[in-house]
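K.L.:
Attaching a single structure in structure tokens format; questions to follow.
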Amino acid sequence: MKEELFISGRNIPNIDPVLHVWHWPISVDVFFGGMAAGLLFFAALFYLLGKEKEMPSAIKYAPFMAPVGISIALICLFYDLTHKLYFWRLYLTFRLESPMSFGSWVLMFITPLSFLWAFSYVREVFPKVNFNNEILVVIEKFAIANRRVMAILLLPLSISLGVYTGILLSAFNARPLWNNAILGPLFLTSGLTTAAAVVIYFAKNAFERQLFNKILLLLIVVQSFFLAHMILGYFAGTEIQLEAVQLLFEGKFGIMFVGFVLILGLLVPFILELFTYQGVKIPVIIPVILILLGGLIFRFVMVDAGQMSRYLY
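Position one of the sequence shown corresponds to residue 8 (this note's numbering), numbered consecutively onward.
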């Protein structure tokens, strides 16, 4: 038996004075979920635009990372659950106003679609693959015949998944750093940015690489605008919001946010992509790694710093 002397009522482990209920699996989950959402969005969009021949990486190659990303996200979610055997109860009801319920249903629909989309291109991407199982052949024929239907479904589902990763945090009004409506669009744009970087890595023809170079530059600008909107909104807010945003610029979070997110994750890749756009030869892997690393660290900072922000003293 361990005796403790309480001189304050604020001693609730993992809740008060500092919330600490979400750990690294949630940060990894929202990163891979956002990236997968972006990959499926680009694949569905350009397929519906009839760009299958001009954009093979966006439609055929890069989307193979989507089911991998969603699978990693789901594993992290399951790992983080306290009562793992009761996850199925999320699917006994649907509450649109609940981010958890909304996100669970989106994941349930988009997960099989991501696998079917990638499966429909297996033989095109890997010509040596041969299905000897009749069931696999039937599934492949079904997926190929319904690519357009899947693309139509994937457009809203991918956007919903990308926004959900930010709404999941913004729904916690008790945490001032998360209590911001811009988190949904910000996380969606960040997911699209990481997805565009992945497509650039897979792109082989000049047309596709140049197009996604422009898309990536635009997305970095939009993401920077959302970040500026969020930060300036906090600085123009109350004292509580000022204290919350200071977490992003001081201590360990300051180094991660300013150094790895703003500078290495956005500014440096933007400059490198500008040079690439001007014809300067830069190894494509450098901006890709920086953007992916910046996107991942951004999730860690927002999840961890958000839990440390609070209204009470």
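For each residue, glycine too, the CB sits at the ideal point set by N, CA and C.
A quick note: this is a predicted structure, and the numbers were derived from the prediction, not measured.
Starting from residue 259, trace the alpha helix (DSSP H) in both directions and tell me its first and last residue.
P.N.:
Segment 258–261, the alpha helix (DSSP H) holding residue 259.
K.L.:
For residue 265, report the span of its alpha helix (DSSP H) as first-last.
P.N.:
Neither: residue 265 is in no alpha helix (DSSP H) and is coded neither H nor E.
K.L.:
Given a cut-off of 9 angstroms, decide if residue 109 and residue 313 are closer than it, judged by their beta-carbon atoms.
P.N.:
For residue 313 and residue 109, no; Cβs fall outside 9 angstroms.
K.L.:
Under 9 angstroms between the Cβ atoms of residue 383 and residue 294?
P.N.:
One cannot answer for residue 383 here, as it falls past the ends of the chain, which runs 8 to 320.
K.L.:
Quick one: what's got a C-beta closer than 6 angstroms to residue 170's C-beta in the same chain, skipping five residues either side?
P.N.:
Closer than 6 angstroms at the Cβ level, and outside the excluded window around residue 170, lie 191, 195.
K.L.:
Looking only at its own chain, which residues have a Cβ that is under 7 angstroms from the Cβ of residue 67, when we skip the five neighbours before and after it?
P.N.:
Excluding positions up to five away in sequence, the list reads 128, 131, 132.
K.L.:
State the DSSP-derived secondary structure class of residue 156, mapped to helix, strand or coil.
P.N.:
In this structure, residue 156 counts as helix in the three-state DSSP scheme.
K.L.:
Quick one: give me the first and last residue of the alpha helix (DSSP H) that residue 280 is part of.
P.N.:
That run of the alpha helix (DSSP H) goes 275–284.
K.L.:
Helix, strand or coil for residue 28? Go by DSSP, reduced to three states.
P.N.:
Coil at residue 28, not helix or strand.
K.L.:
Would you kindly work out how many angstroms separate the C-alpha atoms of residue 239 and residue 145, rounded to a whole number?
P.N.:
Taking the straight line joining both Cα atoms gives about 54 angstroms.
K.L.:
Can you list, in chain order, the residues of its chain whose CB lies under 6 angstroms from that of residue 86, leaving out five sequence neighbours each side?
P.N.:
Here the set comprises 32.
K.L.:
With a threshold of 7 angstroms on Cβ separation, who are the neighbours of residue 275 within its own chain once the five nearest residues in sequence on each side are excluded?
P.N.:
The residues are 297.
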